[in-house]
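For reference, the structure discussed in these notes is given below.
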Amino acid sequence: MAAEALDLHRAIHHLPKVDLHRHLEGSLRLTTLAEVVREQGLDLPADPDLLRARVQFQPGDPRTHVNFLAKFDVLRRFYLSENIIRRIAREVVEDAAADKVRYLELRFTPAALARAKGFPFAEVIRWVLESSSEAAAESGLAVRYILSVNRHEPIELAKQVAQLAVDYAGHGVVGLDLAGNEADFAADPFRSIFAGARQAGLGLTVHAGEWDGPPSVKHAIETMQAVRIGHGVRVLEDRETALMARDRGVIFEVCPTSNLQTGVVESYQRHPLPHMIQAGLQVTVNTDDPGISDIRLSDEYAAIGGHMGLSLETIKGLIMAGVQAAFLPKWEKTRLEREFQDLIPGIH
Numbered sequence: 020m021a022a023e024a025l026d027l028h029r030a031i032h033h034l035p036k037v038d039l040h041r042h043l044e045g046s047l048r049l050t051t052l053a054e055v056v057r058e059q060g061l062d063l064p065a066d067p068d069l070l071r072a073r074v075q076f077q078p079g080d081p082r083t084h085v086n087f088l089a090k091f092d093v094l095r096r097f098y099l100s101e102n103i104i105r106r107i108a109r110e111v112v113e114d115a116a117a118d119k120v121r122y123l124e125l126r127f128t129p130a131a132l133a134r135a136k137g138f139p140f141a142e143v144i145r146w147v148l149e150s151s152s153e154a155a156a157e158s159g160l161a162v163r164y165i166l167s168v169n170r171h172e173p174i175e176l177a178k179q180v181a182q183l184a185v186d187y188a189g190h191g192v193v194g195l196d197l198a199g200n201e202a203d204f205a206a207d208p209f210r211s212i213f214a215g216a217r218q219a220g221l222g223l224t225v226h227a228g229e230w231d232g233p234p235s236v237k238h239a240i241e242t243m244q245a246v247r248i249g250h251g252v253r254v255l256e257d258r259e260t261a262l263m264a265r266d267r268g269v270i271f272e273v274c275p276t277s278n279l280q281t282g283v284v285e286s287y288q289r290h291p292l293p294h295m296i297q298a299g300l301q302v303t304v305n306t307d308d309p310g311i312s313d314i315r316l317s318d319e320y321a322a323i324g325g326h327m328g329l330s331l332e333t334i335k336g337l338i339m340a341g342v343q344a345a346f347l348p349k350w351e352k353t354r355l356e357r358e359f360q361d362l363i364p365g366i367h
């Protein structure tokens with residue numbers, strides 16, 4: 020690594036950061052997974068170096084969403100006990116804190132965590148919230164939660180999760196997310212569920228404009244009433260949609276490395292993030308699935324600095340954009356903004 024790039028990476032690492040788009044199920048430690056393989060006798064390699072290819076994106080892997088999502092199919096075999104789920108929830112917070120993340124909105128899919136053993140959704144949610152909250156208190160990190168449902172799963176399941184999101188709103192749950200493959204599964208069947216969650220005060224975020232084009236972004240904004248878009252990096256392909264997103268102040272949760280690994284973009288250098296900023300769109304930078312991508316949030320910022328030519332001052336501005344986009348009450352967001360202003364040189 021060149022000296023200039025190394026200096027940038029060091030500077031970024033020491034900055035306080037915000038991650039608004041991090042999936043618990045995509046954030047597992049490889050060493051923990053290897054231990055679970057041995058302890059549970061799973062039909063998977065117990066050697067971390069051999070297991071890596073099954074659960075992490077590799078340099079020679081096809082850059083497709085099919086390959087990327089296949090990692091989750093393997094990871095869903097690991098959620099075999101309360102202790103395992105509590106452990107991974109604790110570790111994802113510890114790992115974020117080690118990278119100087121001070122505010123984390125951790126999203127997770129109760130159905131994914133519950134499936135292997137048929138755990139009740141409410142129990143799985145409680146385990147994640149309790150364990151990660153304890154780790155957050157110990158690490159000096161603030162954590163909130165977004166419950167996620169997948170487009171390809173039954174509507175009745177989504178209704179259950181949405182109701183639980185409302186029920187747990189007093190325990191740190193701040194939002195509801197629609198995830199999954201938007202290229203093959205429409206968001207519209209979930210419209211009424213998300214409308215009810217919005218009326219109950221939850222923040223809405225929808226994966227769109229990643230594997231599908233601008234129409235999915237437009238639908239997420241106009242029909243689903245999403246105030247944040249997961250990824251959304253193809254929005255600039257349609258000027259009308261981009262202008263609507265800009266005028267409405269919609270927030271884009273951009274995850275550069277994930278976009279590269281799923282084949283949405285060809286390279287960091289050709290990522291649309293700088294053009295999104297130039298177009299006046301509200302942009303944040305996040306990790307998506309740091310365990311699968313084998314990255315930290317600091318790496319994402321180093322990539323946009325080193326490969327996209329964005330300055331350290333721009334990176335500081337993107338961090339503050341993450342603070343301002345948090346699903347928090349105004350008073351709490353104001354307090355967080357003041358905290359970050361005190362910690363980041365040159366921010367006022």
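Read left to right, the sequence shown gives residues 20 to 367 (our numbering).
Built from N, CA and C at the ideal position, the CB exists for glycine as well.
None of these values were measured; they are calculated from a predicted model.
message = Taking the beta strand (DSSP E) that F359 belongs to, which residues open and close that run?
response = F359: not part of any beta strand (DSSP E); member of the alpha helix (DSSP H) spanning K349 to L362, first to last residue.
ask   = Could you give the distance in angstroms between the alpha-carbon of K36 and the alpha-carbon of I338?
value = 6 Å
ask   = Should L69 be labelled buried (16 or more other beta-carbon atoms within 10 Å of its own) or exposed?
value = exposed
request  = My understanding is that F87 touches Q280, with C-beta atoms under 8 Å, so please give their C-beta distance in whole angstroms.
outcome  = 6 Å
message = DSSP three-state label for L132, please.
response = Correct three-state label for L132: helix.
query = Does the distance from the C-beta atom of A206 to that of L197 stay below 7 Å?
reply = yes
inquiry  = Starting from H42, trace the beta strand (DSSP E) in both directions and tell me its first and last residue.
reply    = K36 to H42
inquiry  = Short of 7 Å in beta carbon distance, which residues of its chain neighbour T51, apart from the five on each side in sequence? Order them along the chain.
reply    = R106, I107 and E110
ask   = Are the beta-carbon atoms of R71 and A65 separated by less than 7 Å?
value = no
inquiry  = So for A46, helix, strand or coil by DSSP?
reply    = The sequence as given places Ser at residue 46; Ala does not occur at that position. Residue state, collapsed to three classes: coil.
message = In this structure, how does DSSP classify T276 when only helix, strand and coil are distinguished?
response = helix
Selection from S312, P293 and L262 that minimises the alpha carbon distance to A89 = S312
query = Is it buried or exposed for W146, if we count other Cβ within 10 angstroms and need 16 for buried?
reply = buried
task = Give the DSSP-derived three-state secondary structure of I174 in the structure shown.
result = helix
key: Nearest to R170 (by Cα), restricted to the options A115, G191, H226 and L160   = H226
Straight-line Cα distance separating G159 from L132 = 26 Å
message = Please identify the residue among L329, Q360 and R258 whose C-alpha is closest to the C-alpha of Q288.
response = L329
query = Is any heavy atom of the ligand MG found at a distance shorter than 6 Å from the C-beta of A298?
reply = This structure does not include the ligand MG; it has no bound ligands of any sort.
task = Would you mind sorting S317 into buried or exposed? The rule is 16 or more other CB atoms within 10 Å of its CB.
result = buried
query = Anyone know if the C-beta pair for G222 and F91 falls short of 7 Å?
reply = no
ask   = Cα separation between V284 and L25?
value = 25 Å
task = Note down the Cα distance separating E54 from G324, rounded to an integer number of angstroms.
result = 36 Å
key: Proximity of A181 and A216 at Cβ, strictly below 7 Å   = yes
message = Please confirm whether V93 has its beta-carbon closer than 7 Å to some beta-carbon of chain C.
response = No chain C is present in this structure, which holds just one protein chain.
key: Range covered by the beta strand (DSSP E) that runs through L166   = A161 to N169
request  = Along the beta strand (DSSP E) that carries V225, what are the first and last residues, could you check?
outcome  = G222 to A227
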